[in-house]
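When we follow our numbering, the leftmost residue of the sequence shown carries the number 386, and every step to the right adds one. Where a beta carbon is used, it is the ideal one built from N, C-alpha and C, also for glycine. Worksheet: the structure to be examined is printed underneath.
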Amino acid sequence: MNKLALATAGASVALLGALLPPDRSPDPQPGLLAQLTPPPTAVHRASAGLSLDDPNAVVEEYCTRCHSERRRRGDLVLEDFDVADALDNGATVEKMIRKLRAGMMPPSGANRPEEVVIQTLAADLETVMDGAAGSDPRPGRRTFQRLNRAEYAAAVDDLLGVEVDVSTFLPLDTKSANFDNIADVQMPSATVMEGYLRAAGHISRLALGDPGAEPGSTIYRLPRIASQKDQVEGAPIGTRGGISVVHNFPADGKYVFHIMPYGAVEGEIFGRTFGTEQIEVSIDGAPVALMTVDRWMHESEPTGLNIRTDSIYVRAGPRRVSVAFVKQFEGVLDDLIRPIDHTLADGQMGIGYGVTTLQHLQRVTV
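Encoded structure:
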């Protein structure tokens, strides 16, 4: 009876197991599968006699089969490679390090050592390269690089405090990929060197002064479209319009400033209807001359629309020269016609009433 019951139970269990689908088998107990499954093993392991302290042996074991004189995979031969002489083959070693760190060598399917062996070999190569580069640096060859025009002007300003327009001495800079400071294209030539010598002579005279300098003049012009209603950058506070520039005085001496305002169509001074104007001349922010403008002056007169200062003593070197009108009011006036910023757009308007028009400087000669 007991044997019959046991056989029946066994048949039932067998039938139940046969009816279950293959992918619906009951899960084993938690952790049981992990205990029963053996740990994964590497397809290829390092040889038993291979030492991690011998990187040359690793290269011989796993690299020379493909990178031999006969096969030359990747046009690379490692049969006579020595890690100690890695610096002599710097490009090859750097390539080996990148391939090893990325896991690309040895390639998939080839005889590969354990990962610790690969990383150790890469570390050994890096150590040899870093040590050799530190004891015997080889920075390579650098092309002689000259300063371009912008760099040269900035260097002169930093060293001597002289602002100079180097475009009158140096040729245009050659560009590479739209950059004008690439050494490969900024090659010196006889013409360039001559320009630098002329610039050096001019700059040295500006910085040190030239007692034997001959009389000369420099003209600064203002365009008609420039608005002269407000203060100009660099000019003293309380002024309007005019001009403010850095002028290089070649020597200690006396200088005269010639000032010409804009005229109207008939020859009168533009803006004469406003009233009496004053022009201030300042050097480095300090006023050196103050002149009252005759609003009835005319171009037909012998002196025309020219205003001349007395002789003013100025030390040699770069100085900020400002020639501007004394500002007489702030804000706008209640005019019949609203003025515009470009007040010289209509030259006839400057001699008529109904709108406030201000006098404008046309040029300043030092």
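Look up Lys560 in the DSSP assignment and say whether it is helix, strand or coil.
The residue given as residue 560 occupies position 175 in the sequence shown. The three-state secondary structure of Lys560, taken from DSSP, is coil.
Which same chain residues, not among the five before or five after Val617, have their C-beta less than 7 Å away from its C-beta?
By 1-based counting over the sequence shown, the position of residue 617 is 232. So the list reads Gly626, Gly627, Ile628, Ser629 and Ala709, once near-sequence residues are dropped.
Would you list the one or two residues that DSSP bridges to His683?
Position 298 of the sequence shown, counting from 1, holds the residue named residue 683. Bridge partners of His683 according to DSSP: Glu653.
Report the residue from Arg483, Glu479 and Val751 whose alpha carbon sits nearest the alpha carbon of Pro635.
Residue 635 sits at position 250 when you count from the first residue of the sequence shown. Out of Arg483, Glu479 and Val751, Val751 has the C-alpha closest to the C-alpha of Pro635.
Check this for me: beta carbons of Gln663 and Val641, under 8 Å apart or not?
For this step, residue 663 is matched to residue 278 along the sequence shown. For this step, residue 641 is matched to residue 256 along the sequence shown. For Gln663 and Val641, no; Cβs fall outside 8 Å.
Going along the chain, which residues of its own chain have a beta-carbon closer than 6 Å to the beta-carbon of Arg486, five neighbours each way excluded?
Here residue 486 corresponds to residue number 101 of the sequence shown, with the count starting at 1. Residues of the same chain with a CB within less than 6 Å of the CB of Arg486, apart from the 5 flanking positions on each side, are Ala507 in chain order.
For Val711 versus Glu651, is the C-beta distance shorter than 8 Å?
Against the sequence shown, residue 711 aligns to sequence position 326. Against the sequence shown, residue 651 aligns to sequence position 266. Not in contact: Val711 and Glu651 (Cβ atoms no closer than 8 Å).
Which ranges does the beta strand (DSSP E) cover as unbroken runs of at least 3 residues, wholly within the region 601-636, from first to last along the chain?
Annotation note: the region 601-636 contains the following uninterrupted beta strand (DSSP E) runs of length 3 or greater, listed N- to C-terminal: 604-606 and 624-634.
Can you give me the C-alpha to C-alpha distance between His745 and Ile567, rounded to a whole angstrom?
Along the sequence shown, read from residue 1 onward, the residue named residue 745 stands at position 360. Along the sequence shown, read from residue 1 onward, the residue named residue 567 stands at position 182. Distance from the CA atom of His745 to the CA atom of Ile567, rounded to whole angstroms, is 45 Å.
Opposite Lys639 in the DSSP bridges: which residues?
As a first step, residue 639 is located in the sequence shown; it is residue number 254 there, counting from the start. Per DSSP, Tyr698.
Candidates Gly516, Cys448 and Asp615: closest to Lys484 by CA position
In the sequence shown, the residue the question calls residue 484 occupies position 99. If we check each option's Cα against that of Lys484, Cys448 comes out closest.
Within the same chain, show all residues whose beta-carbon is closer than 6 Å to that of Pro703, passing over the 5 residues directly before and after it, in chain order.
Looking up residue 703 in the sequence shown gives position 318. Excluding residues within five positions, the ones whose Cβ falls inside 6 Å are Val547, Glu548, Val631 and Asn633.
Residue(s) in a DSSP beta bridge with Val711
Taking the sequence shown and counting its residues from 1, one reaches residue 711 at position 326. Beta-bridge pairing by DSSP links Val711 to Thr624.
Could you tell me which residues DSSP puts in a beta bridge with Ile664?
As a first step, residue 664 must be located in the sequence shown, where it is residue number 279. In DSSP, Ile664 forms a bridge with Met676 and Phe710.
Return the first residue and the last residue of the alpha helix (DSSP H) that Thr512 is part of.
For the purposes of this step, residue 512 is identified with residue 127 of the sequence shown, where counting begins at 1. Counting along the chain, the alpha helix (DSSP H) containing Thr512 begins and ends at Glu500 to Ser520.
Indicate the three-state DSSP secondary structure (helix, strand or coil) for Pro440 in the structure shown.
The residue labelled residue 440 in the question sits at position 55 within the sequence shown. Assigned with DSSP and collapsed to three states, Pro440 falls in helix.
When the Cα atoms are used, what is the spatial distance from Met682 to Phe659?
Along the sequence shown, one-based indexing puts residue 682 at 297. Along the sequence shown, one-based indexing puts residue 659 at 274. One C-alpha to the other measures close to 14 Å.
So, do the region 512-524 and the region 468-476 have three or more beta carbon pairs nearer to each other than 8 Å?
These segments touch.
Minimum C-alpha distance to Asp615 - residue among Gly597, Thr553, Pro672 and Glu715
Reading the sequence shown from its first residue, position 230 is the one you call residue 615. The residue with the shortest Cα to Cα distance from Asp615 is Glu715.
Determine the direct distance from the alpha carbon of Pro672 to that of Asp695, and round the result to whole angstroms.
Numbered from 1 along the sequence shown, position 310 holds the residue referred to as residue 695. Numbered from 1 along the sequence shown, position 287 holds the residue referred to as residue 672. Asp695 and Pro672: Cα-Cα distance of roughly 13 Å.
I'd like the list of long-range same chain contacts for Val551, defined as Cβ closer than 7 Å, with 5 residues on each side in sequence excluded.
By one-based count along the sequence shown, residue 551 stands at place 166. Residues of the same chain with a CB within less than 7 Å of the CB of Val551, apart from the 5 flanking positions on each side, are Arg534, Tyr537, Ala538 and Ala584 in chain order.
Check each candidate in His643, Glu479, Leu557 and Gln571 and name the one with the smallest Cα separation from Gly601.
Looking up residue 601 in the sequence shown gives position 216. Checked all of His643, Glu479, Leu557 and Gln571; the closest Cα to Gly601 is His643.
Evaluate the contact criterion for the region 486-505 versus the region 442-460: three or more CB pairs, one atom per stretch, below 8 Å.
These segments touch.
Between the CA atoms of Arg606 and Arg680 - distance to the nearest angstrom:
As a first step, residue 680 must be located in the sequence shown, where it is residue number 295. As a first step, residue 606 must be located in the sequence shown, where it is residue number 221. Each residue's alpha carbon lies about 21 Å from the other.
Quick one: grab the DSSP three-state call for Val551.
Walking along the sequence shown from the start, residue 551 turns up at place 166. In the structure shown, Val551 sits in a helix (DSSP, three-state: H, G or I).
At what residues does the beta strand (DSSP E) containing Val749 begin and finish?
Here residue 749 corresponds to residue number 364 of the sequence shown, with the count starting at 1. Start and end: Leu746 to Thr750.
Close-in-space but distant-in-sequence residues of the same chain around Ile692 (CB under 8 Å, 5 per side omitted)
Working through the sequence shown from its first residue, we reach residue 692 at position 307. Setting aside the 5 residues that flank it on each side, Ile692 is surrounded in the same chain by His643, Ile644, Met645, Pro646, Ile664, Met676 and Val678, each with a C-beta closer than 8 Å to its C-beta; the list follows chain order.
Let me know the secondary structure DSSP gives Ala671 once reduced to three states.
In the sequence shown, counting from the first residue as 1, residue 671 sits at position 286. Residue state, collapsed to three classes: strand.
State the Cα-Cα distance for the pair Asp439 and Ile503, rounded to the nearest angstrom.
Taking the first residue of the sequence shown as 1, we reach residue 439 at position 54. Taking the first residue of the sequence shown as 1, we reach residue 503 at position 118. Distance between Asp439 and Ile503, taken at the CA atoms: about 12 Å.
Return the first residue and the last residue of the alpha helix (DSSP H) that Leu593 is part of.
For this step, residue 593 is matched to residue 208 along the sequence shown. For Leu593, the enclosing alpha helix (DSSP H) stretches over residues Ala575 to Leu593.
C-beta contact flag for Asp328 and Gly594 at 8 Å
As displayed, the chain neither begins before 386 nor continues past 751, which places residue 328 out of reach and without an answer.
Let's see if you can read the secondary structure: which residues bound the alpha helix (DSSP H) around Gly475?
Reading the sequence shown from its first residue, position 90 is the one you call residue 475. Run containing Gly475: Gly475 to Arg486, per the alpha helix (DSSP H) assignment.
The alpha helix (DSSP H) with Val541 in it runs from where to where?
On the sequence shown, residue 541 is found 156 positions in, with the first residue counted as 1. Run containing Val541: Arg534 to Leu545, per the alpha helix (DSSP H) assignment.
Assign Gly648 to one of three DSSP states: helix, strand, or coil.
One-based indexing of the sequence shown puts residue 648 at position 263. Residue state, collapsed to three classes: strand.
Taking C-beta to C-beta, are Gln530 and Gln571 nearer than 8 Å?
Reading the sequence shown from its first residue, position 145 is the one you call residue 530. Reading the sequence shown from its first residue, position 186 is the one you call residue 571. In this structure, the beta-carbon distance from Gln530 to Gln571 falls below 8 Å.
Identify, in the order they occur along the chain, each residue of the same chain with its Cβ nearer than 6 Å to the Cβ of His429, setting aside the five sequence neighbours on each side.
Position 44 of the sequence shown, counted from the first residue, corresponds to residue 429. Because His429 carries a pLDDT of 39, less than 50, the predicted location of this residue cannot be relied on, and the following value inherits that uncertainty. Closer than 6 Å at Cβ, skipping near neighbours: Asn496 and Arg497.
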